[in-house]
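First up is the structure itself, then whatever we jot down about it.
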Amino acid sequence: MELSGKRIALGVTGGIAAYKAADLVRQLIKQGASVQVAMTESATRFVTPITFQALSGNSVFVDQWDQRISNNMAHIQFSREADALLIAPASANFIAKVAHGIADDLLSTLTLARTCPLLVAPAMNMQMWENPATQRNVATLRGDGITLLGPARGEQACGDHGYGRMLEPGEIVEDMIAFFQPKRLKGKKVLITAGPTFEAIDPVRGITNLSSGKMGFAIAKAAREAGACVTLLCGPVSQLTPRGVKRIDVTSALEMHATALGLAPSQDVFIGVAAVADYRPKTVAKNKVKKDGNAPLPIELVQNPDILAEVAALPTPPLCVGFSAESEKLAEHAQKKRLAKKIPLIVGNLVQDGFGGDTNTMIFFDDHGETPLPPGRKIDLARLLVERIAQLLGQR
Ligand code: PMT
């Protein structure tokens, strides 16, 4: 329920993507939001107001002269009671009206009269989107501080393939959740390592660990929500990349090391969440290793470079945050690692809590001691970590 208590005014304009707005209402409500819908006349040709009324549980407004609103002040009341006005789908025509301040029907009038933030999810044919007139209008919207959600690239209702497709309802909801998060890392560049590494023994075997990548991906999502430009450097995982995050896939610790050290000097923050293998086989067999009777198979291991320690030792390092997963003596081991790597903050978690699941129990360790966080979902803990990192950046 990430939108609990939020009041969303949803404007639906005419276009085939209007049918997706019905699912959007359902998903917004599922996240705890209350939704009040207004439609343009042409939107009602695609989906009836009754559909939105049934899904939102609220009356739907179409007509500027609606008798249900006292003093015909629908355009004033509508946004005054909302935390955000979302137009989805927003047609090229509607975007043009917003850009030029035209108010010739209920939805365009209440958009002009809004007192809350406006978010616009365009949906149109790719030629209409690429038309210089639309691009000028979109630039005007951005200049006016209006948030554009999409459009996406893909197959369109008309059969064309290109930019102009409305974001999927789930993506819009994700962007709405992000929109309401405080922008504590606005403009900051954040590099995060996540997941395990895989150290090859031969072409088909290797040494790895049980990190799923979930903690690192949650932090990437939280940092992005907070306005950061996020790069997620991950070992082999099967997680979906959070929206707006740049993802770089690597396999081994050496690859992660080379990529991280290449990127780190230009970053404001480096967060090492990856469970990087401390050791790798000294040599990788060219062919699949064969069993030799009952003889044991000795594998000589050599140490991998310590990525976090090397980033922290750069001449002008980003703010470095580490993680420490322990099966015993959490405080002792975590603080020892923090001091050895010369980093201001390390996040301790127990192996049995941290690996694999959607929840975790975390403790911050710094120069002043330890701060336990309430156990919870990885995304909620990630948001608390982002808050702590923003404080540390402020003290730099
Ligand atoms: O991915 P999940 O399933 O969600 O699990 C999350 C997690 C448990 C893996 C995560 O929360 C976590 O604790 N990650 C750190 C695991 C660990 O104990 O790492 P470490 O003690 O080997 O390393 C300490 C720190 O140095 C870490 O920040 C690590 O990324 C970094 N490191 C370690 C070795 C190395 N060669 N290079 C490094 O950068």
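Just so we're aligned: 159 in our numbering is position 177 of the sequence shown, and the numbers increase by one with no gaps anywhere. We put the CB at the ideal spot given by N, CA and C, even for glycine. It should be emphasised that the depicted structure is a prediction, and the values quoted were computed from it without experimental measurement.
| said: Using a Cβ distance threshold of 8 Å, determine whether the stretch 225 to 241 contacts the stretch 195 to 206, with at least three qualifying pairs required. | reply: The stretch 225 to 241, when compared against the stretch 195 to 206, does touch it at the 8 Å Cβ threshold.
| For D5, does the three-state DSSP call read helix, strand or coil? | Here D5 sits in helix by DSSP.
| request: Confirm the yes/no value for this check: CB of D288, any heavy atom of the ligand PMT, distance under 6 Å. | output: At least one heavy atom of the ligand PMT is found less than 6 Å from the C-beta of D288.
| query | Taking the DSSP output, what are the residues bridged to P71? | reply | Answer by DSSP bridge pairing: none, since P71 is not bridged.
| query | If you draw a straight line from the alpha carbon of K171 to that of I253, how long is it in whole angstroms? | reply | I253 has its alpha-carbon roughly 11 Å from the corresponding atom of K171.
| task | Could you give the DSSP three-state label for H350: helix, strand or coil? | result | Reduced to three states, the DSSP call for H350 is coil.
| query | What are the start and end residues of each continuous beta strand (DSSP E) run of 3 or more residues lying completely inside the stretch 183 to 217, in chain order? | reply | 211 to 216
| Relative to the alpha-carbon of V19, which residue among M(-17), G(-13), S(-14), E63 has its alpha-carbon at the smallest distance? | Across the set M(-17), G(-13), S(-14), E63, the C-alpha of E63 shows the shortest separation from the C-alpha of V19.
| said: Within a Cβ cutoff of 6 Å, which residues of the same chain sit near K324, ignoring the five residues on either side of it in sequence? | reply: If we look at K324 and ignore the five residues flanking it on each side, its Cβ neighbours are A294.
| query | What is the residue span of the alpha helix (DSSP H) that A(-9) lies within? | reply | Segment -11 to -6 is the beta strand (DSSP E) holding A(-9); no alpha helix (DSSP H) there.
| field | Any non-hydrogen atom of the ligand PMT closer than 6 Å to S38 Cβ | value | no
| message | Would you call the stretch 65 to 78 in contact with the stretch -12 to 4, where contact means no fewer than 3 C-beta pairs closer than 8 Å? | response | yes
| How many Å lie between L243 and V329 at the Cα? | For L243 and V329, the distance between alpha carbons rounds to 21 Å.
| What are the boundary residues of the alpha helix (DSSP H) that I84 is part of? | Note, I84: premise wrong, no alpha helix (DSSP H); not H, not E.
| field | Segment limits, beta strand (DSSP E) that includes A307 | value | 301 to 308
| field | 8 Å contact criterion, which E308 and V333 should meet: CB distance rounded | value | The C-beta distance from E308 to V333 rounds to 7 Å, short enough to meet the 8 Å contact threshold.
| query | With 16 other CB atoms within 10 Å as the buried threshold, where does H239 fall? | reply | buried
| said: Between the alpha carbons of G217 and D231, how many angstroms are there, rounded? | reply: 6 Å
| field | Length of the line joining the Cα atoms of V255 and K318 | value | Put simply, the backbone Cα of V255 is about 17 Å away from that of K318.
| said: Any heavy atom of the ligand PMT inside 6 Å of the beta-carbon of K196? | reply: yes
| query | Measuring CA to CA, which of D274, D288, N269, I281 is closest to E237? | reply | D288
| What do you get for D157, buried or exposed, if any count of 16 or more other CB atoms within 10 angstroms of its CB means buried? | buried
| Touching by the beta-carbon criterion (3+ pairs, under 8 Å), the stretch 167 to 182 and the stretch 125 to 134 | no
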